[in-house]
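S.K.: My questions all concern the structure below.
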Amino acid sequence: MNIIKPPGAFASAQADADVAAEAARWKEEIFDPAAAGIKDRKKFVTDTGLPVEPLYTSAHLEQIGFDYLRDLGFPGEYPFTRGDRPGMNRTDPFVISAYSGFGDAEACNKRFRKLIEIGTEQILVALDLPTQCGYDSDNDMASAEIGNVGVAIDTLADMEILFDGIPADSIKRIGTLGNSIGPIVLALYAALGEKQGIAWSRYTVNLQNDPLKEYIARGTQILPPAPAAKLATDAVAWCVEHAPNWSPMTVCVNHINAGGAGSSMGTAIALANARHYIELLLKQGYSIDQVAPLLHMFPDERHDFFVSVANLRALRRIWARMMKEQYGATKPEAMACRTTVYGHGQEALAEPLNNIPRTAFGTLAYVLGGASYVYLAGYDEAVSTPNENSARVALRTLQILANEHGFTDTIDPLGGSYFVEALTAQGERQILDGMAQIEQIGGALAVISNGFARRVMTEGAVRRQRAIDSGERPWVTVNKWPQKPDVPNTAFRGDAQAEQRQLARLAQVKSTRDQSRVKAALAEVERATAEDRNVVPSVLEAVRAYATVGEIVDIWRRRFGAFVPSTDF
Amino acid sequence: MSAIGVGQPRRRKIRVLIAKVGLDGHDVGARVVARGLLDAGMEVIYTGLRRTNEDVVRAAIEEDVDWVGVSILSGAHRALLPKLRALLDESGADDIRILAGGIIPQEDIPGLQAAGVDKIFLSGTSIAEIVDYLVKETKHA
Numbered sequence: 019m020n021i022i023k024p025p026g027a028f029a030s031a032q033a034d035a036d037v038a039a040e041a042a043r044w045k046e047e048i049f050d051p052a053a054a055g056i057k058d059r060k061k062f063v064t065d066t067g068l069p070v071e072p073l074y075t076s077a078h079l080e081q082i083g084f085d086y087l088r089d090l091g092f093p094g095e096y097p098f099t100r101g102d103r104p105g106m107n108r109t110d111p112f113v114i115s116a117y118s119g120f121g122d123a124e125a126c127n128k129r130f131r132k133l134i135e136i137g138t139e140q141i142l143v144a145l146d147l148p149t150q151c152g153y154d155s156d157n158d159m160a161s162a163e164i165g166n167v168g169v170a171i172d173t174l175a176d177m178e179i180l181f182d183g184i185p186a187d188s189i190k191r192i193g194t195l196g197n198s199i200g201p202i203v204l205a206l207y208a209a210l211g212e213k214q215g216i217a218w219s220r221y222t223v224n225l226q227n228d229p230l231k232e233y234i235a236r237g238t239q240i241l242p243p244a245p246a247a248k249l250a251t252d253a254v255a256w257c258v259e260h261a262p263n264w265s266p267m268t269v270c271v272n273h274i275n276a277g278g279a280g281s282s283m284g285t286a287i288a289l290a291n292a293r294h295y296i297e298l299l300l301k302q303g304y305s306i307d308q309v310a311p312l313l314h315m316f317p318d319e320r321h322d323f324f325v326s327v328a329n330l331r332a333l334r335r336i337w338a339r340m341m342k343e344q345y346g347a348t349k350p351e352a353m354a355c356r357t358t359v360y361g362h363g364q365e366a367l368a369e370p371l372n373n374i375p376r377t378a379f380g381t382l383a384y385v386l387g388g389a390s391y392v393y394l395a396g397y398d399e400a401v402s403t404p405n406e407n408s409a410r411v412a413l414r415t416l417q418i419l420a421n422e423h424g425f426t427d428t429i430d431p432l433g434g435s436y437f438v439e440a441l442t443a444q445g446e447r448q449i450l451d452g453m454a455q456i457e458q459i460g461g462a463l464a465v466i467s468n469g470f471a472r473r474v475m476t477e478g479a480v481r482r483q484r485a486i487d488s489g490e491r492p493w494v495t496v497n498k499w500p501q502k503p504d505v506p507n508t509a510f511r512g513d514a515q516a517e518q519r520q521l522a523r524l525a526q527v528k529s530t531r532d533q534s535r536v537k538a539a540l541a542e543v544e545r546a547t548a549e550d551r552n553v554v555p556s557v558l559e560a561v562r563a564y565a566t567v568g569e570i571v572d573i574w575r576r577r578f579g580a581f582v583p584s585t586d587f
Numbered sequence: 137m138s139a140i141g142v143g144q145p146r147r148r149k150i151r152v153l154i155a156k157v158g159l160d161g162h163d164v165g166a167r168v169v170a171r172g173l174l175d176a177g178m179e180v181i182y183t184g185l186r187r188t189n190e191d192v193v194r195a196a197i198e199e200d201v202d203w204v205g206v207s208i209l210s211g212a213h214r215a216l217l218p219k220l221r222a223l224l225d226e227s228g229a230d231d232i233r234i235l236a237g238g239i240i241p242q243e244d245i246p247g248l249q250a251a252g253v254d255k256i257f258l259s260g261t262s263i264a265e266i267v268d269y270l271v272k273e274t275k276h277a
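Residue numbers (the working numbering), protein chains in the order written: chain A, 19 to 587; chain B, 137 to 277.
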């Protein structure tokens, strides 16, 4: 029997066979009798459908054909499993980030200043739904939604107020989601730098700008998927030429997983979306080495801690191999997958303070998995836009994760764990299988149009609901020690005057801007769109002239038509 | 008691329109509830995303539903739900009742109920609880 192994040595095949036999013996003779007659506390299966065994040993590494140099390598080197950067959190801890926005620019600017004062290093602006869906605040569709889930941005004037006293280069990155209005938000941030007199090379803009997942999960889509994807890639192409230090696209798993797909299939769908964008850019003549370094991924797993760690590691490995082997990337930056994450747990409406440990544990998994840019949900986020106190707790939790407990002292600290390596290999297999399935159906656009993605989402959401209703997946205060769900009256609400201020500002901007300049700029956006040119230069000129978000989006609505919402469930 | 078909025979199955009004794009909850009600033997129609109150009233009347279940997570409930009730009443559909689901603060609930929203189910409610409520509360002639 080979119980104690020499340190640092991975076992020989013979020793692994011994371990496998011994592990089987232990299970049969020791564990099973001890567990006999004890009802399982829960169903031991991950949200992604993988069975979880009571114990993992080196025999599992043998089973997955684990090869250290091939499968893990070293941080900052191919295949980047252990990290996209050489020093990872040890030399350069993850970027402490906040997603924030509410009301009008004036109210929101105060919150941003406060967030920066207490240590926020990156702010992504939460936009209200009218802005995200391409409606100005004075549009009928906007009524009741202005400033509700984010800040209202109609024109560059709002951006100037939003970043008043906050130079674009004073924090590590600024940006927003803007999934369905990517070229417009890119132009707004470019024009903001011009207004502040800061060169594009001196600050970094991060956008989500991933419209395809909106059709699957998030719901702010405006146009049909194909033109929406093309407009999104215009933003990337413009950055290749003018701001290669920006990250203008973050391809998201998170809403897809949260909506029901599970993190493995969610990653497969997101990677298919990424491939669609990449191929549009390659067709325009850009090289993979130019394009890939500007893309980020946004992984997500909020049910199973160790799956979350494994998912990040598997994603980096798949990305690196895909870039190198399928797209012929040669630069390491094109193969290293940079990741943005938003820490969640299974947040509950009952007793919301319990969401603080939940989101902290969920975020810890991302930190141990090596995420680069880390956000953390406010404990009241299930209810409303975080209030100042919950935003502070979220930020402090990130600072604690980065600085206390030694979480960030060594790179990929769970690398080599029998369990985590097994989950990494199994998750990778699930993701690759999902990608093959999507490829067979016809790729990213096909799984949207034929309803495959939507079915995956609904079936997953129903499966999760059943696991909760039946108690298979324990959820404290929901199915264990249940408490009545409660949306407290302390839920954050922006001040009621924000909507009036916003409408007044928009009316004032519209009446004082140079109308002929606006008209000419919008006509050029229309021409660029019709001629299938990159729209960003014309959109930038329109934004500089204080054209509204809605005026620009209307050009695209007229040209491409609006999306038709599905009534399937 | 949630025994369908026990006692006097029902005139027909319970018909429910699940609706998304406003710009809120989160419809997983709406779809899970729709699927759950369907599985419980009800007839369910889903409007899809981003409908106006007018769209919803038209669909509710055309489909002759007993209930409209509105899912709102964006905070627009205070403006949208009372307006939906008023529009249904104006259209002669005062017998169609409204359920709301999603994220709705406690302090808003009495006001919404006074404005004619029958019942509010917050996120986290089990499907069984919603089914029981509808079975118990649906009035069939």
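Backbone N, C-alpha and C define an ideal beta-carbon position, used for all residues, glycine too.
With which residues is K255 (chain B) paired in a DSSP beta bridge?
M.R.: On the second sequence, position 119 is the one that residue 255 (chain B) refers to. DSSP, once it has assigned bridges, lists B:L235 as partnering K255 (chain B).
S.K.: Return the first residue and the last residue of the beta strand (DSSP E) that A155 (chain B) is part of.
M.R.: For the purposes of this step, residue 155 (chain B) is taken as the residue at position 19 of the second sequence. From DSSP, the beta strand (DSSP E) with A155 (chain B) extends over 151–156.
S.K.: Helix, strand or coil for E179 (chain B) per DSSP?
M.R.: As a working note, residue 179 (chain B) is residue 43 in the second sequence. In this structure, E179 (chain B) counts as strand in the three-state DSSP scheme.
S.K.: Note down, in chain order, each residue of its chain lying with its Cβ closer than 7 Å to the Cβ of F470 (chain A), except the 5 sequence neighbours on either side.
M.R.: As a working mapping, residue 470 (chain A) is identified with position 452 in the first sequence. Same-chain partners within the cutoff: I459.
S.K.: For a contact meaning CB atoms closer than 9 Å, what does P492 (chain A) contact in chain B?
M.R.: As a first step, residue 492 (chain A) must be located in the first sequence, where it is residue number 474. None at all; the shortest Cβ gap to chain B is about 14 Å.
S.K.: When DSSP labels each residue in this structure, what does K272 (chain B) get in the three-state scheme?
M.R.: Here residue 272 (chain B) corresponds to residue number 136 of the second sequence, with the count starting at 1. In this structure, K272 (chain B) counts as helix in the three-state DSSP scheme.
S.K.: Identify the continuous alpha helix (DSSP H) that holds Q249 (chain B) and give its terminal residues.
M.R.: Within the second sequence, numbered from 1, the residue matching residue 249 (chain B) stands at position 113. Unbroken alpha helix (DSSP H) run through Q249 (chain B): 245–250.
S.K.: Using the DSSP secondary-structure output, state which residues sit across from C1 (chain A) in a beta bridge.
M.R.: An answer regarding residue 1 (chain A) cannot be provided, because it is not within the stretch 19 to 587 covered by chain A.
S.K.: Under a three-way DSSP split, which group does S76 (chain A) fall into?
M.R.: In the first sequence, the residue the question calls residue 76 (chain A) occupies position 58. Here S76 (chain A) sits in helix by DSSP.
S.K.: Between A:N329, A:R335, A:E559, which lies nearest to L87 (chain A) when the distance is taken from Cα to Cα?
M.R.: The sequence position of residue 87 (chain A) within the first sequence is 69, counting from 1. Of the candidates A:N329, A:R335, A:E559, the one whose C-alpha sits nearest the C-alpha of L87 (chain A) is A:R335.
S.K.: Going along the chain, which residues of its own chain have a beta-carbon closer than 7 Å to the beta-carbon of R220 (chain A), five neighbours each way excluded?
M.R.: Numbered from 1 along the first sequence, position 202 holds the residue referred to as residue 220 (chain A). Excluding sequence neighbours, R220 (chain A) sits near D187.
S.K.: Grab the span of the beta strand (DSSP E) containing T194 (chain A) for me, first residue to last.
M.R.: Residue mapping note: residue 194 (chain A) aligns to position 176 of the first sequence, counting from 1. Where T194 (chain A) is concerned, the enclosing beta strand (DSSP E) stretches over 191–194.
S.K.: What residue does the beta strand (DSSP E) around G205 (chain B) start on, and which one ends it?
M.R.: The residue you call residue 205 (chain B) lines up with position 69 of the second sequence. Segment 203–208, the beta strand (DSSP E) holding G205 (chain B).
S.K.: Under three-state DSSP, which class holds P24 (chain A)?
M.R.: For the purposes of this step, residue 24 (chain A) is identified with residue 6 of the first sequence, where counting begins at 1. Low confidence applies to P24 (chain A): its pLDDT is 48, below 50, so where it sits in the model is not reliable enough to give any reading.
S.K.: Counting only Cβ-Cβ distances shorter than 7 Å, please list the residues of the region 268–289 of chain A near chain B, keeping chain order.
M.R.: Taking 7 Å as the Cβ-Cβ cut-off against chain B, the residues of the region 268–289 of chain A that qualify are G277, G278.
S.K.: Which partner residues does I141 (chain A) have in the DSSP bridge list?
M.R.: The sequence position of residue 141 (chain A) within the first sequence is 123, counting from 1. I141 (chain A) pairs with A:A116, A:I192.
S.K.: What is the rounded straight-line gap between the Cα of A560 (chain A) and the Cα of H314 (chain A)?
M.R.: Stepping through the first sequence from its first residue, residue 560 (chain A) is reached at position 542. Stepping through the first sequence from its first residue, residue 314 (chain A) is reached at position 296. Taking the straight line joining both Cα atoms gives about 28 Å.
S.K.: Beta carbon of R481 (chain A), beta carbon of G215 (chain A): below 9 Å?
M.R.: As a working mapping, residue 481 (chain A) is identified with position 463 in the first sequence. As a working mapping, residue 215 (chain A) is identified with position 197 in the first sequence. Contact flag unset, no.
S.K.: Could you check if N373 (chain A) is buried or exposed, using at least 16 other CB atoms within 10 Å of its CB as the buried criterion?
M.R.: The residue given as residue 373 (chain A) occupies position 355 in the first sequence. Under this definition N373 (chain A) is a buried residue.
S.K.: If contacts are defined as beta-carbon pairs under 8 Å, then I197 (chain B) and S227 (chain B) qualify, I think. What distance do you get, rounded to the angstrom?
M.R.: The residue labelled residue 197 (chain B) in the question sits at position 61 within the second sequence. The residue labelled residue 227 (chain B) in the question sits at position 91 within the second sequence. Correct: roughly 6 Å between the Cβ atoms.
S.K.: Roughly how far, in whole angstroms, is the beta-carbon of A170 (chain A) from the beta-carbon of Q520 (chain A), given that I think they are within contact range, below 8 Å?
M.R.: For the purposes of this step, residue 170 (chain A) is taken as the residue at position 152 of the first sequence. For the purposes of this step, residue 520 (chain A) is taken as the residue at position 502 of the first sequence. So it is a contact: roughly 5 Å between Cβ atoms.
S.K.: Looking only at its own chain, which residues have a Cβ that is under 6 Å from the Cβ of L223 (chain B), when we skip the five neighbours before and after it?
M.R.: On the second sequence, residue 223 (chain B) is found 87 positions in, with the first residue counted as 1. If we look at L223 (chain B) and ignore the five residues flanking it on each side, its Cβ neighbours are N189, V193.
S.K.: Report yes if the C-beta distance between R131 (chain A) and S390 (chain A) is below 9 Å; otherwise report no.
M.R.: For the purposes of this step, residue 131 (chain A) is identified with residue 113 of the first sequence, where counting begins at 1. For the purposes of this step, residue 390 (chain A) is identified with residue 372 of the first sequence, where counting begins at 1. Contact flag unset, no.
S.K.: Under 9 Å, do G361 (chain A) and V327 (chain A) count as touching if we go by C-beta distance?
M.R.: As a working mapping, residue 361 (chain A) is identified with position 343 in the first sequence. As a working mapping, residue 327 (chain A) is identified with position 309 in the first sequence. Contact flag unset, no.
S.K.: Going by other Cβ atoms of all chains shown within 10 Å of its Cβ, with 16 needed for buried, is T403 (chain A) buried or exposed?
M.R.: By 1-based counting over the first sequence, the position of residue 403 (chain A) is 385. Under this definition T403 (chain A) is a buried residue.
S.K.: Under the DSSP definition of a beta bridge, which residues are partnered with L394 (chain A)?
M.R.: Taking the first sequence and counting its residues from 1, the one referred to as residue 394 (chain A) is at position 376. L394 (chain A) pairs with A:G361.
S.K.: With distances taken from CA atoms, which of A:F49, A:L133, A:L90, A:A39 is nearest G434 (chain A)?
M.R.: Here the question's residue 434 (chain A) lines up with position 416 in the first sequence. Closest option to G434 (chain A), Cα to Cα, is A:L90.
S.K.: Using 10 angstroms around the beta-carbon of M19 (chain A), count the other beta-carbons present and answer buried if the total reaches 16, otherwise exposed.
M.R.: Along the first sequence, one-based indexing puts residue 19 (chain A) at 1. Reliability of the predicted coordinates at M19 (chain A) is poor, the pLDDT of 45 falling under 50, and no value is obtained from them.
S.K.: Does the separation of the CB atoms of T64 (chain A) and D307 (chain A) fall below 9 Å?
M.R.: Taking the first residue of the first sequence as 1, we reach residue 64 (chain A) at position 46. Taking the first residue of the first sequence as 1, we reach residue 307 (chain A) at position 289. Result no, Cβ atoms of T64 (chain A) and D307 (chain A) do not sit closer than 9 Å.
S.K.: Using a C-beta to C-beta distance shorter than 7 Å, which residues of chain A count as neighbours of A170 (chain B)?
M.R.: Within the second sequence, the letter at position 34 stands for residue 170 (chain B). What A170 (chain B) touches in chain A: F587.
S.K.: At the 9 Å Cβ level, is C151 (chain A) part of the contact set with chain B, yes or no?
M.R.: As a working note, residue 151 (chain A) is residue 133 in the first sequence. Answer yes: the Cβ-Cβ gap between C151 (chain A) and chain B drops below 9 Å somewhere.
S.K.: By DSSP's criteria, K231 (chain A) is part of a beta bridge. Which residues make up the other side?
M.R.: Residue numbering aside, residue 231 (chain A) sits at position 213 when the first sequence is read from its first letter. None, per the DSSP bridge assignment.
S.K.: Return no unless some Cβ of chain A is closer than 9 Å to the Cβ of Y269 (chain B).
M.R.: Taking the first residue of the second sequence as position 1, residue 269 (chain B) is located at position 133. Chain A, which has no Cβ nearer than 9 Å to the Cβ of Y269 (chain B), makes this no.
S.K.: Determine the chain A residues that contact S207 (chain B) at a beta-carbon separation under 7 Å, and present them in chain order.
M.R.: Here the question's residue 207 (chain B) lines up with position 71 in the second sequence. Here the premise fails: no neighbours, minimum Cβ distance about 11 Å.
S.K.: Need the endpoints of the alpha helix (DSSP H) that N421 (chain A) sits in, please.
M.R.: Within the first sequence, the letter at position 403 stands for residue 421 (chain A). 406–421 is the span of the alpha helix (DSSP H), which, as asked, contains N421 (chain A).
S.K.: Between the C-alpha atoms of A332 (chain A) and A563 (chain A), what's the straight-line distance to the nearest angstrom?
M.R.: The residue labelled residue 332 (chain A) in the question sits at position 314 within the first sequence. The residue labelled residue 563 (chain A) in the question sits at position 545 within the first sequence. If I take the Cα positions, the gap works out to 46 Å.
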